[in-house]
Structures are given as structure tokens and as C-alpha cells.
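Residue numbers (my numbering): 716 to 1231.
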Amino acid sequence: MNTIPESDRVIIFDTTLRDGEQSPGASMNLEEKLRIAEALESMGIDVIEAGFPIASNGDFEAVNEVAKVIKESTVCGLARAGIKDIDRAAEALRPAERKRIHTFIATSPLHMKFKLQMSAEDVHQAVQDSVARARGHVEDVEWSCEDGTRSERDFLCRVIETAIDAGASTINIPDTVGYTIPSEYTSLIEEIRNRVPNIDKARISVHCHNDLGLAVANSLAGVAAGARQVECTINGLGERAGNAALEEIVMALRTRADVMPYGTSVRTENITKASRLVSTITGFAVQPNKAIVGANAFAHESGIHQDGMLKNAETYEIMTPESVGLTQSNLVLGKHSGRHAFRKKLSELGFDLGDNAVQDVFVRFKDLADKKKEVYDEDIIALVDDEVRVNDRIRFLTLQVVAGSKGPQTADLELEIDGEVKATHASGDGPVDATFNAIKALFPHGANLQLYQVHAVTEGTDAQAEVTVRLDEDGKTVNGQGADTDTLVASARAYVNALNKLLVKREKTAPAAMSA
Ligand code: KIV
Ligand code: ZN
């Protein structure tokens, strides 16, 4: 039962799939975006900004597919202040049960003069026209004044009034370049509330970037000043230094409800899972000391702290690990576990796989259980993520590597490419280099390796390695993942996964990319 009075309820608007994806290197494919959207919905997120439909066919498809599957959350599409943008957003959102068009235009003197090359009067007119156009398509329209915190306040109040008159029910005040500070943002939101005559007909929203590390503080200052929607991303993903981190906003509101008496509908127990999902998909590791979701966020190292914790956890813990969904890893199955138990585990973990896929993952699970004493939920998740790639043109088969200090390091690799088995032998500057050279010999390509990252799925030297490989080809970036107890096998799988994603991207033709 929701007991928060509507006036104190803060709408959580997640823009991981739009502003988050604008982080260089954080590109996600359609299937990955759908998984994130579903995780956000199960977490109780009110609004999911799924993309910028005019930006590319891929963005259009993502918003359109998210609109088909998401039922509880509102699905939102971004549009600049032009007819084509707005109509394209409306088309992408058509299947959504709850839909919102989010249209924006810059209002600061700097952006109007140099970027838009429009007069203030033309911008004012564009606000009226774009919001009215969006309202012709949907009931729920959000309007944003890009670079709002560097805009002149008289002009800002005037355009906000116009946007509300034209039908916008959410007015978002972005700190686009992460420039403001909490006291200044508070006064800006207060001034808007005091000066815009029709402001009571709209909800004020905050959208803060983290260039000075103030995105969360600024967002909370905005809420204290009367904003009732916060735009944020999982793990603070986003352009440059990122956006306000969703998990920090939500947990600050929950933990300090004594001084911030507002509520959200977020099921905070889902936070850790969502953070891991976004980090795995994008290859953006979460720093260990990151608030709420860092590996050390609930770790107590010093003797004094441990002693205090044993006596009363509240001595050093302001929120419980369970409140963000951090529980002891579940020991799952062993090498004697049967197919039935394995299938049940998959379903508990939320995987709905066909018979063939279950069989393939089961074989790899048995293999893993032979090598590794204990198999955890995280291991199974990594295995499934790695295995269920049905349409891949390139498939990893086997790898034999010679490593060590004597050199040369070499790799014997077998891949299946378009149904044909191919093998090669290659050397390199280290075993990883030899492995990647072997892949290049079997499947020549011009993509550049941008990131190679390894992390252990669980603890111990027998843990599976989860490798992320980021490739870039002509400005198209993809992240591949692979998991195995052998780091080199995981590396080969990750590289192959990235190549398969690149092949899918190559097939899709996109009009000129653009960013907001
Ligand atoms: O930062 C920004 O100004 C934006 C707008 C499009 C809302 O992302
Ligand atoms: Zn932004």
C-alpha cells in the first residue's frame, strides 16, 4: 500500500537508456535495453526514458520495443523542438500503455546564440509550437529548458509559463553542464515556483549532471525547494561525469526521511541487481568506494568498526545491506545437481529459456561445477549471459594457450564462422594478445580495441572471470562480455561477443547520429 501523500511523492525518472547511453562507450543493443527496462520496471521506476527516437533507427526501435513490453512504468521518448522529432517520438511510443513525450530546447544566451543561432523570441515561439505539437499526440508532455541553470531568469519564467499554457505537465530544469551549486539551484526552483503564474498546473523536475560532483546534492536541493521529479541514472551513468545516481537519490530520501519527508515508489531491494546489470552490459565498472553500490559500501575493515558492528550494526551502518538487495551470495547447485533443479534455479533467477538453450547452459554448468567447488547465483547468471546468443555468426569453440615467462606466447583457436569450423595458430605479446590475434586471423576486421577489463564474478582463485571487451569501428562502439574460470577463454568469448554485436550494428543503417 502506498502511504505517501501525492504532494510529497517524488517521481523517479530514469534516463539510463537515453542520457546514460550518451556516455562514450556505453552503447547497448536492443536486447540489453529491454533487459534494463524490465529491471527498472520491476524496481518500481515511475518513468523510463527509453531513447531519442529521431537519433537513429536503433533508438527508434528501442523506444518502440520498450513501449511494447513495459506496462507499469511510463515510457518516455526524447524529441528536440521540431515537428519531425516530435512525430517520430510519438510514432515510437504508440504501443505504450503509459507514454510521455519529452521535448526540449536550449534557453541560455550562450546556447541560443552559438548552438541554435536563434533569437530569444524564436525560441519562445518554438516552445509554444513544440509542446502544442506533442500534446496533439499524447496527454503527458514534459518540457525541458536545456542549460536551464545558465539561462536568464526573466526569460526562463516566461518560457515556462508558455510551455505550461501549451499543455506541458512536467517542467524540467536541467543543469546540463553540471555548473550549479545546491544553494543556487534551490533559489532557482523557488523563484520559478514564486514567479511563474501557472506553475501549480505542472510538476517541477530536476536533471543534474555531475561535472563538479554535485549532481545528487543539487537534485536533493531541488526537491527541498519543491521539485517533485528527479531525473537520474543507474550508477550515475551519463555524458561526461554522468548524471545524478538513482541509487544515491533514492537511498538518501529513504535514509534521511526525517529531514527530507518525501517518498518514492522504488523497491530499493532491487538496486544492487540493477546496478550490476547496467555495469555488466556497459562494461562501466562501479568504483569500489561508490556510495550504495560499490563493493566496499557495506564492508567494515578496521577492528574498531568491526567491534562496533558486532555490538550493534547501527554504530557504523546507516542503512542495511539488505535494504539495497545485498544479501549473502546463495550457494546454488553442485556437480550432482540434476537438470530439473537447474531449470528451477534458472526460473528463480528470472531466465525463461527454450529447451536447447537450457541444455547448452546445463552442459557448461556441469563443466563449471567440476572445476569449481561452489557455484553461486552470480556464476549461473554469468553463464547464461554468455551462452544465450542464438543469432551469433561467430561462435567460440576451443582455445589452447601457451603462456608464461619463457615465450613466445601462442594461441590455438577454433571458431565457427557462419556455420563453418575454422582453426588457426597465432602468437602475440602475451597470451591475451595471442588470443586476439588468432581471432583477427580467423575473422579479419578493422575494429579497434578500446577496453579490456577483467573482474571476478565471485570470490576465490577458482572464481569465474568475467571479461569485457569494447570495440570501436567507424564510431560504432560495442561492449562484449564473456565468462569462464579460465580468464583467456573468457577473453576470447568476450571478444567474439563484441564482434557479433558489431556485425549486427553494421547491418543497421542509421541516419546522422546526434546527441542531446
Ligand atoms: O542535460 C540535459 O539538458 C538533457 C536534456 C535533454 C534534458 O539531457
Ligand atoms: Zn542530461
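Ideal placement from N, C-alpha and C gives every residue a C-beta, glycine not left out.
Next on the checklist: Assuming contact is defined by CB atoms lying nearer than 8 Å, are Glu-756 and Ile-785 in contact in what I supplied?
Outcome noted: Locating residue 756 in the sequence shown gives position 41, counting from the first residue. Locating residue 785 in the sequence shown gives position 70, counting from the first residue. Contact check for Glu-756 against Ile-785 passes: the beta carbons are separated by less than 8 Å.
Next on the checklist: Here's the rule I'm using: 16 or more other beta-carbon atoms within 10 Å means buried, otherwise exposed. How should Pro-976 be labelled?
Outcome noted: Numbered from its first residue, the sequence shown carries residue 976 at position 261. Exposed: under 16 other Cβ atoms inside 10 Å.
Next on the checklist: Here's a check: name, in chain order, each residue in its chain whose Cβ is nearer than 6 Å to the Cβ of Asp-1127, leaving out the five neighbours to either side.
Outcome noted: Here the question's residue 1127 lines up with position 412 in the sequence shown. Within the same chain, Asp-1127 has close Cβ partners Gln-1115 and His-1140.
Checklist entry - Residue ranges of each beta strand (DSSP E) run of no fewer than 3 residues wholly in the region 767–825, ordered along the chain? => result Here the runs fully enclosed are 789–795 and 814–821.
Item to check | Selected residue, minimal CA-CA separation from Ala-801, among Lys-748, Glu-776 and Ile-769 | outcome: By one-based count along the sequence shown, residue 801 stands at place 86. The residue you asked about is not Ala; residue 801 is Ile in the sequence shown. Minimum Cα distance to Ile-801 is reached at Ile-769.
Item to check | Inter-residue CB distance, Lys-1155 and Val-1193 (contact presumed, cutoff 8 Å) | outcome: Residue 1155 sits at position 440 when you count from the first residue of the sequence shown. Residue 1193 sits at position 478 when you count from the first residue of the sequence shown. Not a contact, Cβ separation roughly 16 Å.
Checklist entry - Helix or strand or just coil, what does DSSP make of Asp-734? => result Along the sequence shown, read from residue 1 onward, the residue named residue 734 stands at position 19. Reduced to three states, the DSSP call for Asp-734 is coil.
Checklist entry - Quick one: does the C-beta of Asp-855 sit closer than 7 Å to a heavy atom of ligand 1? => result Counted from its first residue, the sequence shown places residue 855 at position 140. Asp-855: no, Cβ never under 7 Å from ligand 1.
Item to check | Range of the contiguous beta strand (DSSP E) that encloses His-1140 | outcome: The residue given as residue 1140 occupies position 425 in the sequence shown. DSSP places His-1140 inside the beta strand (DSSP E), whose first and last residues are 1135–1143.
Next on the checklist: If you follow the alpha helix (DSSP H) that Tyr-900 is in, where does it begin and where does it stop?
Outcome noted: Locating residue 900 in the sequence shown gives position 185, where the first residue counts as 1. Run containing Tyr-900: 897–910, per the alpha helix (DSSP H) assignment.
Checklist entry - Three-state secondary structure (DSSP) at Tyr-977? => result Against the sequence shown, residue 977 aligns to sequence position 262. Under the three-state reduction of DSSP output, Tyr-977 falls in the coil class, being neither helix nor strand.
Item to check | Gly-953 - DSSP class collapsed to helix/strand/coil | outcome: Taking the sequence shown and counting its residues from 1, the one referred to as residue 953 is at position 238. Coil at Gly-953, not helix or strand.
Next on the checklist: Which residue marks the beginning of the beta strand (DSSP E) containing Gln-832, and which one marks its end?
Outcome noted: Within the sequence shown, residue 832 is the residue found at index 117, counting from 1. Premise fails: Gln-832 is in no beta strand (DSSP E) and is neither H nor E.
Item to check | Cα-Cα separation between Leu-1068 and Leu-903, rounded to whole angstroms | outcome: The residue you call residue 1068 lines up with position 353 of the sequence shown. The residue you call residue 903 lines up with position 188 of the sequence shown. If I take the Cα positions, the gap works out to 51 Å.
Item to check | Start and end residues, alpha helix (DSSP H) containing Leu-1217 | outcome: Sequence index remark: in the sequence shown, residue 1217 carries index 502 (1-based). From DSSP, the alpha helix (DSSP H) with Leu-1217 extends over 1202–1222.
Checklist entry - Val-1147 and Tyr-1167 look like a contact to me (Cβ under 8 Å); what is the Cβ gap, rounded to whole Å? => result Within the sequence shown, residue 1147 is the residue found at index 432, counting from 1. Within the sequence shown, residue 1167 is the residue found at index 452, counting from 1. Yes, Val-1147 and Tyr-1167 are in contact; Cβ-Cβ is about 7 Å, under 8 Å.
Item to check | ligand 1 heavy atom lying under 7 Å from the CB of Ser-934 | outcome: In the sequence shown, counting from the first residue as 1, residue 934 sits at position 219. Ser-934 Cβ: outside cutoff for every heavy atom of ligand 1.
Next on the checklist: Are there any heavy atoms of ligand 1 lying less than 7 Å away from the beta-carbon of Thr-864, as far as the coordinates show?
Outcome noted: Residue mapping note: residue 864 aligns to position 149 of the sequence shown, counting from 1. No.
Item to check | As assigned by DSSP and simplified to three states, the class of His-1170 | outcome: Position 455 of the sequence shown, counted from the first residue, corresponds to residue 1170. His-1170: strand per DSSP, three-state reduction.
Item to check | Separation of Ala-807 from Thr-818, as counted between CA atoms | outcome: On the sequence shown, position 103 is the one that residue 818 refers to. On the sequence shown, position 92 is the one that residue 807 refers to. Taking the straight line from one Cα to the other gives about 14 Å.
Next on the checklist: Do Ser-1038 and Glu-984 have their beta-carbon atoms positioned less than 8 Å apart in this structure?
Outcome noted: Within the sequence shown, numbered from 1, the residue matching residue 984 stands at position 269. Within the sequence shown, numbered from 1, the residue matching residue 1038 stands at position 323. Yes; because the gap between Cβ atoms is below 8 Å, this pair is in contact.
Checklist entry - Within 10 angstroms of its Cβ, does His-1051 collect 16 or more other Cβ (buried), or is it exposed? => result Along the sequence shown, one-based indexing puts residue 1051 at 336. Burial is judged here by how many other beta carbons sit within 10 angstroms of a residue's own beta carbon; His-1051 has fewer than 16 and is exposed.
Item to check | Identity of the residue in Asn-958, Ala-959 and Arg-982 nearest Ala-969 by Cα | outcome: To locate residue 969, count along the sequence shown from 1; it is residue 254. For the sequence presented, residue 969 should be read as Arg rather than Ala. Comparing Cα-Cα distances from Arg-969 to each of Asn-958, Ala-959 and Arg-982, the minimum goes to Arg-982.
Item to check | First through last residue of the alpha helix (DSSP H) which encompasses Thr-1176 | outcome: Working through the sequence shown from its first residue, we reach residue 1176 at position 461. Element bounds for Thr-1176: n/a, residue is neither H nor E.
Checklist entry - Smallest Cα separation from Arg-1079: which of Glu-1063, Ala-1153, Ala-917 and Asp-1100? => result Indexing the sequence shown from 1 puts residue 1079 at position 364. Taking only the C-alpha atoms, the option nearest Arg-1079 is Asp-1100.
Item to check | Heavy atom of ligand 2 within 7 Å of Asp-734 beta-carbon | outcome: For the purposes of this step, residue 734 is taken as residue 19 along the sequence shown, with counting starting at 1. Shortest gap from the CB of Asp-734 to any heavy atom of ligand 2: under 7 Å.
Item to check | Buried versus exposed, by CB contacts within 10 Å (16 or more), Val-1211 | outcome: Working through the sequence shown from its first residue, we reach residue 1211 at position 496. In this structure Val-1211 is buried. Its beta-carbon is surrounded by 16 or more other beta-carbon atoms within 10 angstroms.
Checklist entry - When you compare only the Cα positions, how much space is there between Thr-948 and Ala-765? => result Working through the sequence shown from its first residue, we reach residue 948 at position 233. Working through the sequence shown from its first residue, we reach residue 765 at position 50. Between Thr-948 and Ala-765, the alpha-carbon positions lie close to 12 Å from each other.
Item to check | From Ser-722, Glu-946 and Glu-1032, residue whose alpha carbon lies closest to that of Asp-729 | outcome: Along the sequence shown, one-based indexing puts residue 729 at 14. The shortest Cα separation from Asp-729 among Ser-722, Glu-946 and Glu-1032 belongs to Glu-946.
Checklist entry - Cα separation between Asn-744 and Lys-1216? => result Within the sequence shown, residue 744 is the residue found at index 29, counting from 1. Within the sequence shown, residue 1216 is the residue found at index 501, counting from 1. Taking the straight line joining both Cα atoms gives about 8 Å.
Checklist entry - Is the distance from the Cβ of Gly-957 to the Cβ of Asn-925 below 8 Å? => result The residue you call residue 957 lines up with position 242 of the sequence shown. The residue you call residue 925 lines up with position 210 of the sequence shown. Yes.
Item to check | Sequence-distant residues of its chain with Cβ nearer than 6 Å to Arg-813 (five each side left out) | outcome: Residue mapping note: residue 813 aligns to position 98 of the sequence shown, counting from 1. Excluding five sequence positions before and after Arg-813, the CB atoms of its chain that fall closer than 6 Å to its own CB belong to Thr-789, given in chain order.
Checklist entry - Would Ala-1207 be called buried (16 or more neighbouring beta carbons within 10 Å of its own) or exposed? => result To locate residue 1207, count along the sequence shown from 1; it is residue 492. The residue in question, Ala-1207, is buried, as its Cβ has 16 or more Cβ neighbours within 10 Å.
Next on the checklist: Quick check on this structure: which residue in Gly-937, Asn-913, Val-842 and Ile-914 has the alpha carbon closest to the alpha carbon of His-922?
Outcome noted: Position 207 of the sequence shown, counted from the first residue, corresponds to residue 922. Ranking the options by Cα distance to His-922, first place goes to Gly-937.
Checklist entry - Does DSSP put Glu-867 in a helix, a strand or coil? => result Reading the sequence shown from its first residue, position 152 is the one you call residue 867. Glu-867: coil per DSSP, three-state reduction.
Next on the checklist: Quick check: what's the CA-CA separation for Gly-1049 versus Asp-1082?
Outcome noted: Sequence index remark: in the sequence shown, residue 1049 carries index 334 (1-based). Sequence index remark: in the sequence shown, residue 1082 carries index 367 (1-based). About 11 Å.
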